[in-house]
Each structure stands twice: as C-alpha cells, then as structure tokens.
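Below is one structure, written out as structure tokens; comments come after it.
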Amino acid sequence: MGADFDRDSIARAYDRWAPFYDLVFGQVFARGRDAAITAAERIGGRILEVGVGTGISLPGYARTNRITGIDISESMLRKAQQRLHELKLDNVEALSVMDATRLAFSDAFFDVVVAQYVITAVPDPEGTLDEFARVVRPGGEIVLVNHLGAESGPRLIFEAAFAPVARRLGWRPEFRFGRLSDWAARHGGVRLVERRPMPPLGHCSLIRFERLSH
1 MGADFDRDSI ARAYDRWAPF YDLVFGQVFA RGRDAAITAA ERIGGRILEV
51 GVGTGISLPG YARTNRITGI DISESMLRKA QQRLHELKLD NVEALSVMDA
101 TRLAFSDAFF DVVVAQYVIT AVPDPEGTLD EFARVVRPGG EIVLVNHLGA
151 ESGPRLIFEA AFAPVARRLG WRPEFRFGRL SDWAARHGGV RLVERRPMPP
201 LGHCSLIRFE RLSH
C-alpha cells in the first residue's frame, strides 16, 4: 500500500477538508446519504456510522434509532459535535475518533453498520470490512455507499486520468466491485443483499450485505 493511504495522511487530508466539506460535497452526495439512511432504517435500532465526518447524515435518522458515529479526523468530528448540539440530536449516543480497522466495540454490538464514501479511502478495505462484519449482529446489515471503479468504457479512461487527483482526495478510483464480492466470498459470514447505482451519473453504488447467523 502506498504512503498516500496510511492512516495519518488520510486523517490530515480530511482535517483539511473539514471547514468546507459540506459546501463542496453536501449536495453532490445527498441522494447517496438518503439512500443509506433509508436502507439502515429498514432494520433500525443501534446504528454505527463509520466515517461520520461533519455529521451531515445525523439529522436524517429517525430519533427512534441510537446512533454512534466514528471518524479518523478530529476536525471533522468537531463539526459533527457542533451539529449535534445545535440540532439537539439526543439519539446520537457517541461521536469518537477511531480507526475503522480497529473498532473498539464488542462482537455483534450493532444492528447496522453504515459507511458512506469510506471503504475506498482506508488503508485496508478488506480488514475494515471484517471489522464491520464482526460488530454487526446476525441478521443485521452492512450498508455501503461508495464510488466503484468502471470495468470498461469511457468512464474507465476518465478514472485512470483522474487517479492522481483522486488519490490526493483520499479515493481509489480503480476500486471495483469485485473486491467487495471477493471479500464476501472469503469471509463466508455475509451475503450480498443489494447493489444498485446511485447519482451522480451512477458513479457511486449502494451495497448491502447481511450478516449471516453461522
């Protein structure tokens, strides 16, 4: 793994984005956020949002859910904490700085794990997914919204050209769905429930995995 995807460099990158993240990405990713929340609330209960960032998703959850948010960026979480107090989101139980590859929660602690635009920005995607599967209960779900790299065509060419810029933003434009399906097959304790394209232009996808009971 290149040095551009170590934990500290990712944290620094998102610290820099914190002051204007909502302005730049808020509307662009709104449909994906709404879809992730809707998917999570099909099950509801205790929800972990990994990469909660500035907390832009938090007001969208029904108050009947209990939300825990984690992020690698302290600056992002300060914005989330401010949002929490301003909107009096008393269903948010905790906001913590935490590494997604080493979650400080017991096995099967959550009903749902949500990770939006996260899995291609961590140093070890498969190890991170293992942690998601560990902390979600049997019958619960892992809900991902993420850019997935094109398999062919003009978008593949564009993504290859855009790759150096994307990496500075903390994204892997070459990350394809096959890495997720291969992980699920190796893990053996999850099954794919849904995969569908999301705006803008289908560049992102909503992916749901169910945690199996065996």
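When the letters of the sequence shown are read in order and numbered with this note's numbering, they come out as residues 1 to 214.
Virtual Cβ for every residue (Gly too), placed ideally from N, Cα, C.
Source: prediction; values computed, not measured.
Given a cut-off of 7 Å on the beta-carbon distance, is the pair Gly55 and Ala80 in contact? Translated into the one-based positions of the sequence shown, residue 55 becomes position 55. Translated into the one-based positions of the sequence shown, residue 80 becomes position 80. Yes.
Between Arg83 and Ser57, is the Cβ-Cβ spacing less than 7 Å? As a working mapping, residue 83 is identified with position 83 in the sequence shown. As a working mapping, residue 57 is identified with position 57 in the sequence shown. Cβ distance not < 7 Å, so Arg83 and Ser57 don't count as in contact.
Take the Cβ of His85 as the centre, count every other Cβ of all protein chains shown within 10 Å, and call the residue buried at 16 or more, exposed below. Mapped onto the sequence shown, residue 85 falls at position 85. Under this definition His85 is an exposed residue.
Cβ shell of Trp183 (< 7 Å), same chain only, five flanking positions each side left out: Within the sequence shown, the letter at position 183 stands for residue 183. The residues are Glu126, Leu129.
Answer with buried or exposed for Val190, where buried requires no fewer than 16 other C-beta atoms within 10 angstroms of its C-beta. What you label residue 190 is simply residue 190 of the sequence shown in a count that begins at 1. Its Cβ being crowded by 16 or more others within 10 Å, Val190 is buried.
So, Leu144 versus Ala115, is the Cβ gap smaller than 7 Å? Residue numbering aside, residue 144 sits at position 144 when the sequence shown is read from its first letter. Residue numbering aside, residue 115 sits at position 115 when the sequence shown is read from its first letter. Yes, the Cβ-Cβ distance between Leu144 and Ala115 is below 7 Å.
Nearest-angstrom Cα distance between Arg63 and Val92? Counting from 1 along the sequence shown, the entry for residue 63 is found at position 63. Counting from 1 along the sequence shown, the entry for residue 92 is found at position 92. The straight-line gap from Cα to Cα measures roughly 9 Å.
Option nearest Glu41 by Cα separation, candidates Phe175, Ser106, Leu212, Glu141: As a working mapping, residue 41 is identified with position 41 in the sequence shown. Closest in alpha carbon position to Glu41, among Phe175, Ser106, Leu212, Glu141, is Glu141.
Output the residue ranges of the beta strand (DSSP E) runs that lie fully inside the region 75-145 and measure 3 residues or longer, sorted by chain position. As far as the region 75-145 is concerned, its whole beta strand (DSSP E) runs of at least 3 residues are 92-97, 110-116.
Would a C-beta distance cut-off of 7 Å place Tyr61 and Ile37 closer than the cut-off? Mapped onto the sequence shown, residue 61 falls at position 61. Mapped onto the sequence shown, residue 37 falls at position 37. The answer is yes: Cβ separation under 7 Å.
Presumed contact (8 Å Cβ cut-off) between Val112 and Val136, rounded CB distance: Stepping through the sequence shown from its first residue, residue 112 is reached at position 112. Stepping through the sequence shown from its first residue, residue 136 is reached at position 136. Indeed, because the Cβ distance is near 7 Å, the residues count as touching under 8 Å.
Measuring straight from C-alpha to C-alpha, what distance separates Leu95 and Leu77? The residue given as residue 95 occupies position 95 in the sequence shown. The residue given as residue 77 occupies position 77 in the sequence shown. Their Cα atoms are separated by approximately 7 Å.
Assumed close pair Leu87, Pro59 - CB separation to whole angstroms, cut-off 8 Å: One-based indexing of the sequence shown puts residue 87 at position 87. One-based indexing of the sequence shown puts residue 59 at position 59. Leu87 to Pro59, Cβ: 6 Å. Contact.
Is there at least one non-hydrogen atom of the ligand MN closer than 6 Å to the beta-carbon of Ala30? In the structure on display, the ligand MN does not appear, and there are no ligands present to speak of.
Buried or exposed (CB count within 10 angstroms, at least 16 for buried), Leu212: Taking the sequence shown and counting its residues from 1, one reaches residue 212 at position 212. With fewer than 16 other Cβ atoms within 10 Å, it is exposed.
Near Ala133, which residues of its chain fall below 8 Å by C-beta distance, leaving aside the five closest residues on each side in sequence? As a first step, residue 133 must be located in the sequence shown, where it is residue number 133. Around Ala133: Ile142, His187, Gly189, Val190, Phe209, Arg211.
If you check the beta carbons only, do Arg46 and Phe110 fall under 7 Å apart? On the sequence shown, residue 46 is found 46 positions in, with the first residue counted as 1. On the sequence shown, residue 110 is found 110 positions in, with the first residue counted as 1. Cβ distance < 7 Å, so Arg46 and Phe110 count as in contact.
Own chain, CB closer than 8 Å to Asp107, minus 5 neighbours either side, in chain order: Here residue 107 is taken as the residue at index 107 of the sequence shown, counted from 1. So the qualifying residues of the chain are Arg134, Val135.
Write down the C-beta distance between Arg196 and Leu206 rounded to the nearest angstrom, noting that I regard them as a contact closer than 8 Å. Taking the first residue of the sequence shown as 1, we reach residue 196 at position 196. Taking the first residue of the sequence shown as 1, we reach residue 206 at position 206. Right, their Cβ atoms sit about 5 Å apart.
Distance check for Glu131 and Ser75, CA to CA, integer angstroms please. Start at 1 with the first residue of the sequence shown, and residue 75 comes out as number 75. Start at 1 with the first residue of the sequence shown, and residue 131 comes out as number 131. Going from the Cα of Ser75 to the Cα of Glu131 covers about 24 Å.
Can you tell which of Gly139, Asn146, Pro123, Ile70 has its C-alpha closest to the C-alpha of Phe105? Here residue 105 is taken as the residue at index 105 of the sequence shown, counted from 1. Scanning Gly139, Asn146, Pro123, Ile70 for the CA closest to the CA of Phe105 turns up Ile70.
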